[in-house]
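Okay, so here's the structure we're looking at.
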Amino acid sequence: MLAAGDATGDAARMKTFAGRVAVITGAASGFGLELSRGAAKRGMKIVLADVQNDALGRAHAELTAAGAEAMAMRVDVSHAADVEALAAATFERFGAAHLVVNNAGVAVGGLVWESSLADWQWALGVNTWGVIHGVRAFVPRMLALAKADPSYEGHVVNTASMAGLINIPNTGVYNVSKHAVVSLSETLYHDLRLIDAPIGASVLCPYFVPTGIHESERNRPTELAREQQTTSQKAAEAFARIAVTKGKLTAAEIAERTLDAVAEGRFYVVSHPNALGDVRTRAEDIVALRNPTDPFGARPEMREMLRAAVRSHDT
Ligand SMILES: NC(=O)c1ccc[n+]([C@@H]2O[C@H](COP(=O)([O-])OP(=O)(O)OC[C@H]3O[C@@H](n4cnc5c(N)ncnc54)[C@H](O)[C@@H]3O)[C@@H](O)[C@H]2O)c1
């Protein structure tokens, strides 16, 4: 019998990387850039997709200078037509997609009732709809390849977050967007197995890791501009900056761990296994019909810092 944690079972796995095609959204920075570098090192052809053109150009130049076969495309993953165009361009250039990483994301914080319609639309648009569009555009094409070629192997990685497994206060919009990604990813995993597809699925759930995520506002579209910033939103931004920049693991390490998980057919990929105790506690709360335990239970200093910041008045 498989022990919990080793339970890859008979999951489909992509054993070969070299010569195959990786499509990565949010590829210009952070995890996406490191996943692109890691996939290129493994000999994959890379399709880099991102909304931020300058950073995308730099990433493309770096990978091609390193000898990778790569193409870059400006894509706003919140728009179905952009993601469909990405899939079409990928198949036109490379004729296939094997590893699809729906990774682009933005962070929005603040007390739930203070989050504006624009906050909800932007964060759910990128974090949740971006993954939905990625699955809808790529998986049918991958299944068609699998039907035509019995040796086809594919894998879909969706980037969620620890925020998709627990609910830290003052981060409601982000939590909602990421819980949806965990749900979608688990269901995708089950659906692919239901039809015995040679396509695996994984969900990446990082905790705080230094990337550009705390500066997400750089890519907020003008039509969803932030009108004003409440005290709780300022507190969330300050909290994210500290938590993210103080993270000790690197995005490169997490990217390696993710690519290893793809090769091994592992579904859950986490950056901080020691934080899984909070996931267990949440699950136990539900099963025991107990009210939600404070997710900062093990880190009371973080709760106090956040509480003080949320309650402070603008000066
Ligand atoms: N860094 C962390 O601590 C952390 C923790 C949990 C989850 N995550 C998730 O990791 C993923 C990658 O983020 P990161 O931490 O590398 O941050 P990052 O800001 O360094 O990278 C995110 C990339 O997504 C791109 N992007 C933003 N909006 C886009 C859009 N509409 N369409 C296409 N691309 C867009 C950005 O330009 C950027 O290149 C996100 O989904 C994020 O939510 C990060």
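For reference, each letter of the sequence shown is one residue, going 30 to 344 in our numbering. Using N, Cα and C, we set each Cβ at its ideal position, and we do this for glycine too.
Short of 7 Å in beta carbon distance, which residues of its chain neighbour residue i, apart from the five on each side in sequence? Order them along the chain.
i	result
Glu-285	Gly-67
Asn-248	Val-80, Gln-81 and Val-135
Met-171	Ala-126, Gly-183 and Ile-228
What do you reckon, is the C-beta of residue i under 7 Å from a heavy atom of ligand 1?
i	result
Ser-214	no
Phe-167	no
Gly-134	yes
Pro-302	no
Gln-81	yes
Ala-57	yes
Gly-241	yes
Val-232	no
Val-238	yes
Phe-60	yes
Which term fits residue i, buried or exposed, when burial requires 16 or more other beta carbons within 10 angstroms of its beta carbon?
i	result
Ala-51	buried
His-219	exposed
Asp-111	buried
Met-30	Because the pLDDT at Met-30 is just 33, under 50, the model does not fix this residue reliably, and the value given afterwards should be weighed accordingly. Result: exposed.
Can you list, in chain order, the residues of its chain whose CB lies under 6 Å from that of residue i, leaving out five sequence neighbours each side?
i	result
Trp-158	Ser-107
Arg-122	Met-100
Leu-128	Ala-51 and His-184
Ala-281	Glu-63
Ala-41	Pro-227, Ile-228 and Gly-229
May I have the straight-line CA-CA distance separating residue i from residue j, to the nearest angstrom?
i	j	result
Ala-90	Met-100	10 Å
His-208	Val-232	11 Å
Asn-187	Gly-294	14 Å
Glu-330	Ala-189	25 Å
Thr-279	His-301	12 Å
Arg-255	Asp-39	47 Å
Val-211	Tyr-236	14 Å
Leu-221	Leu-318	32 Å
To which residues of the same chain is residue i closer than 8 Å at the C-beta, ignoring the five residues directly before and after it?
i	result
Arg-336	none
Within 8 Å of any Cβ in chain C, is that where the Cβ of residue i sits?
i	result
Ala-94	Judged by its chain identifiers, the structure shown contains no chain C, having just a single protein chain.
ask   = Does the count of Cβ pairs from the stretch 247–264 and the stretch 126–141 closer than 8 Å reach three?
value = The stretch 247–264, when compared against the stretch 126–141, does touch it at the 8 Å Cβ threshold.
request  = Assess, as a yes-or-no matter, whether the stretch 309–322 is touched by the stretch 235–254 under the definition of 3 or more beta carbon pairs within less than 8 Å.
outcome  = no
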